[in-house]
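*Asks:* Below you will find the structure I want to go over with you.
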Amino acid sequence: MIRIDDRLYDERHFSETSARLATETGLTQRDTGRYAVCFQETADWLSLFFAIRKAGASVLPIHPGTPYPAARKLAVGAGCDRLFYNSVTAEVLDVPAVEPTPGTLLQMSSGTTGAPKCIARSWAEIDAEIESYVRTFREPEDMTPVIACPTTHSYGLICGILVALKRGQTPVIVDTANPKYLLKVLRETERPLLYSSPAILHTLARLLPAGERIYATMTSGTLLPDPWFADIRAKSRFMFQQYGCSESGCIAINPDVAAAGDMGFVLPHHSVETGNSAESAAEIIIRNGDGIAIHTRDLGYRRTDGMLVFVSRMDDMINVSGLNVYPKDVEDAVMAMPAITDAVAFRKSDRFAGERVALLFSANQAITPQAVREWCSRYLAGHQLPMEILQVDAVPRQANGKISRRDVAARHMAGEFNKPKAGAA
């Protein structure tokens with residue numbers, strides 16, 4: 000069973016609906032098809048998803064807020080031959096014929112460090128991930144998953160819905176981003192485990208009155224700034240964190256988060272190569288069951304207790320006159336300043352130092368760049384100090400809460416953030 004907002008859908012509903020959709024869409028005759036699906040209603044999307052998966056075909060989930068032209072472009076880019084856009088009548092797409100392959104879950108990478116690319120993972124890989132996740136991560140067995148993140152993303156779809164169904168639980172899907180409604184759902188749910196983005200978790204932590212805590216929270220997708228982590232940890236009875244990538248799914252889970260960078264213990268269906276200390280941090284390289292190496296472009300290391308620790312994205316590191324600057328160190332210092340609500344540090348070319356640190360920040364009052372720089376000078380070395388500082392209404396984040404520093408730098412270079420505003424230079 001699955002609950003979507005206030006409505007409970009039983010197994011019979013999805014079974015009958017999926018069977019009807021399989022017949023209406025011709026799935027029973029085309030089990031090697033590649034289908035892109037973009038439905039506004041979660042129940043409709045999940046019904047078609049279950050039908051496609053049962054047929055052994057391939058599916059590209061597309062976020063429900065995606066406009067038709069963008070959805071069609073994604074479908075064509077992923078090599079899909081059919082697009083279901085808010086209708087069970089498929090649009091036939093003119094794409095080059097491909098060799099029939101076993102069914103896969105098609106996903107677009109986040110694009111935070113380069114152009115998004117299509118990742119195909121077989122249903123057998125997905126099943127192995129779910130089995131490993133359930134067998135290893137036992138703490139939530141008596142909790143109720145509350146999924147307040149897109150069910151078209153692997154975090155909500157696999158780790159939220161499919162894991163819950165594997166455990167015999169009834170997941171609760173919240174289709175609105177309204178934090179007050181989400182708090183209402185959490186208060187009405189027995190031992191809720193909230194799967195959501197760091198930004199939403201932080202908002203809820205700030206909304207909760209003193210003395211009230213969320214039963215359990217799960218965070219994923221981006222490294223929490225230390226001030227956000229402290230707020231969420233204080234307002235969570237249990238706090239979990241998971242780490243993964245598009246190519247391999249969930250890699251590690253932390254069953255008791257004590258520090259933002261502690262990603263967790265590696266799931267047994269993976270092996271990991273990386274550094275063995277903070278001083279020897281190296282790229283995190285994943286090997287799955289077939290031994291193929293997946294380069295994450297993340298810097299990290301494993302402690303002697305097995306904990307996988309994240310340091311930085313390799314592409315995010317800023318080289319100032321030969322000295323490495325990790326953006327998170329700058330952001331943590333900035334966000335500890337009273338009134339500042341969010342920040343992103345990124346690289347800017349400099350003809351003398353090669354690269355310099357630039358900074359965007361948001362705050363609930365006007366703050367001058369000089370005041371920010373003076374604050375940072377108490378906590379950061381000279382090469383870490385941001386040289387260009389701009390205050391914006393909101394730091395640009397993606398729908399999943401991630402920041403694309405590459406995108407921020409490009410928009411900054413184009414002058415998008417340079418419009419004068421109170422307190423900014």
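Oh and the sequence shown: position 222 is 221 in numbering that gives the first Met the number 0, straight run, nothing missing.
Even for Gly, the Cβ is constructed at its ideal location relative to N, Cα and C.
Which two residues bound the contiguous beta strand (DSSP E) that contains E387?
*Replies:* Counting along the chain, the beta strand (DSSP E) containing E387 begins and ends at 387–390.
*Asks:* Candidates V145, K183, S195, I285: which alpha carbon is nearest I172's?
*Replies:* The option with the nearest alpha carbon to I172 is V145.
*Asks:* What's the gap between the Cα of A21 and the Cα of L307?
*Replies:* C-alpha separation (whole angstroms): 42 angstroms.
*Asks:* Count the CB pairs spanning the region 146–154 and the region 172–187 that are closer than 8 angstroms, and state whether there are at least three.
*Replies:* The region 146–154 is in contact with the region 172–187.
*Asks:* Helix, strand or coil for I61 per DSSP?
*Replies:* Coil, per DSSP.
*Asks:* Quick one: Cα of G113 to Cα of D341, how far?
*Replies:* Annotation note: pLDDT 49 at G113 (below 50); position unreliable, coordinate value reported separately. C-alpha separation (whole angstroms): 23 angstroms.
*Asks:* Would you tell me roughly how many angstroms separate the C-alpha atoms of H268 and P385, rounded to the nearest one?
*Replies:* Their Cα atoms are separated by approximately 42 angstroms.
*Asks:* Applying the 10 Å Cβ sphere with the 16-neighbour rule, what's the burial state of Y242?
*Replies:* Buried, since its Cβ has 16 or more Cβ neighbours within 10 Å.
*Asks:* Flag this pair as touching only if the region 83–103 and the region 126–139 have three or more C-beta atom pairs under 8 angstroms; answer yes or no.
*Replies:* Not touching, per the Cβ criterion.
*Asks:* Tell me which residues share the same chain as Y214 and place their Cβ nearer than 6 angstroms to its Cβ, disregarding the 5 neighbours each side in the sequence.
*Replies:* Counting only Cβ-Cβ distances below 6 angstroms, and skipping sequence neighbours, we find R190, P191, R236.
*Asks:* One question on the structure: do I283 and G299 come within less than 7 angstroms of each other, judged by their Cβ atoms?
*Replies:* Yes. Within cutoff.
*Asks:* Buried or exposed: which applies to D5, given that a residue is buried once 16 or more other Cβ atoms fall within 10 Å of its Cβ?
*Replies:* Classification for D5: exposed.
*Asks:* Per DSSP, what kind of secondary structure is R372 in: helix, strand or coil?
*Replies:* Looking at R372 - three-state DSSP - the assignment turns out to be helix.
*Asks:* Quick check on the burial criterion: 16 or more other C-beta atoms within 10 angstroms. Buried or exposed for Y154?
*Replies:* Y154 comes out buried.
*Asks:* From A335 to T273, what distance separates their C-alpha atoms?
*Replies:* Spanning the two alpha carbons is a distance of roughly 30 angstroms.
*Asks:* Quick one: Cα of N318 to Cα of R355, how far?
*Replies:* So the two alpha carbons sit approximately 7 angstroms from each other.
*Asks:* Does H382 come out as helix, strand or coil in the three-state DSSP assignment?
*Replies:* Helix, per DSSP.
*Asks:* Return the chain-ordered list of same chain residues with a C-beta closer than 7 angstroms to the C-beta of E10, the five sequence neighbours on each side being excluded.
*Replies:* For E10, where only same-chain residues beyond five positions count, the Cβ hits under 7 angstroms are M0.
*Asks:* Identify the residues that DSSP records as bridge partners of R2: which are they?
*Replies:* R2 pairs with L7, V171.
*Asks:* On a Cα-Cα basis, can you pick out the residue from A357, Y325, D315, E278 that is closest to R302?
*Replies:* For the residues A357, Y325, D315, E278, the minimum Cα distance to R302 belongs to E278.
*Asks:* Within a Cβ cutoff of 7 angstroms, which residues of the same chain sit near F49, ignoring the five residues on either side of it in sequence?
*Replies:* The residues are F13, S17.
*Asks:* Label E330 either buried or exposed according to how many other C-beta atoms from any shown protein chain fall within 10 Å of its C-beta, with 16 as the threshold for buried.
*Replies:* Buried, since its Cβ has 16 or more Cβ neighbours within 10 Å.
*Asks:* Less than 7 angstroms between the beta carbons of G263 and A251, yes or no?
*Replies:* In contact: G263 and A251 (Cβ atoms closer than 7 angstroms).
*Asks:* By the three-class DSSP mapping on this structure, what secondary structure does E187 have?
*Replies:* Reduced to three states, the DSSP call for E187 is helix.
*Asks:* Under a Cβ-count criterion, where at least 16 other Cβ atoms within 10 Å of its own Cβ denotes burial, should A413 be classed as buried or exposed?
*Replies:* The residue in question, A413, is exposed, as its Cβ has fewer than 16 Cβ neighbours within 10 Å.
*Asks:* Assign P68 to buried or exposed, taking buried as 16 or more other Cβ atoms, counted over all protein chains shown, within 10 Å of its Cβ.
*Replies:* Looking at its Cβ environment, which holds fewer than 16 other Cβ atoms inside 10 Å, P68 is exposed.
*Asks:* State the Cα-Cα distance for the pair F345 and D315, rounded to the nearest angstrom.
*Replies:* Going by the C-alpha atoms only, they are around 7 angstroms apart.
*Asks:* Cα-Cα, which of S195, A42, Y8, F309 is closest to V265?
*Replies:* Per the Cα distances, F309.
*Asks:* For L7 and R396, I'd like the C-alpha separation in whole angstroms.
*Replies:* Answer to the nearest angstrom: the Cα atoms are 32 angstroms apart.
*Asks:* Quick check on K347: does DSSP put it in helix, strand or coil?
*Replies:* Of the three classes helix, strand and coil, the one that applies to K347 here is strand, per DSSP.
*Asks:* Looking at C-alpha atoms only, which residue of G55, P170, F83, A77 is the closest neighbour of W122?
*Replies:* If we check each option's Cα against that of W122, G55 comes out closest.
*Asks:* Can you have a look at A204 and say buried or exposed, based on whether 16 or more other CB atoms are within 10 angstroms of its CB?
*Replies:* A204 is buried by the Cβ-count criterion.
*Asks:* Assuming G243 is part of the beta strand (DSSP E), what are its boundary residues?
*Replies:* First-last of the beta strand (DSSP E) with G243: 235–244.
*Asks:* Can you tell me which of the three DSSP states Y34 falls into?
*Replies:* Y34: strand per DSSP, three-state reduction.
*Asks:* If we call anything under 7 angstroms between Cβ atoms a contact, is V391 one with L359?
*Replies:* Against a cut-off of 7 angstroms, the Cβ pair of L359 and V391 comes out as a contact.
*Asks:* Rounded to a whole number of angstroms, what is the C-alpha to C-alpha distance between I339 and A332?
*Replies:* One C-alpha to the other measures close to 11 angstroms.
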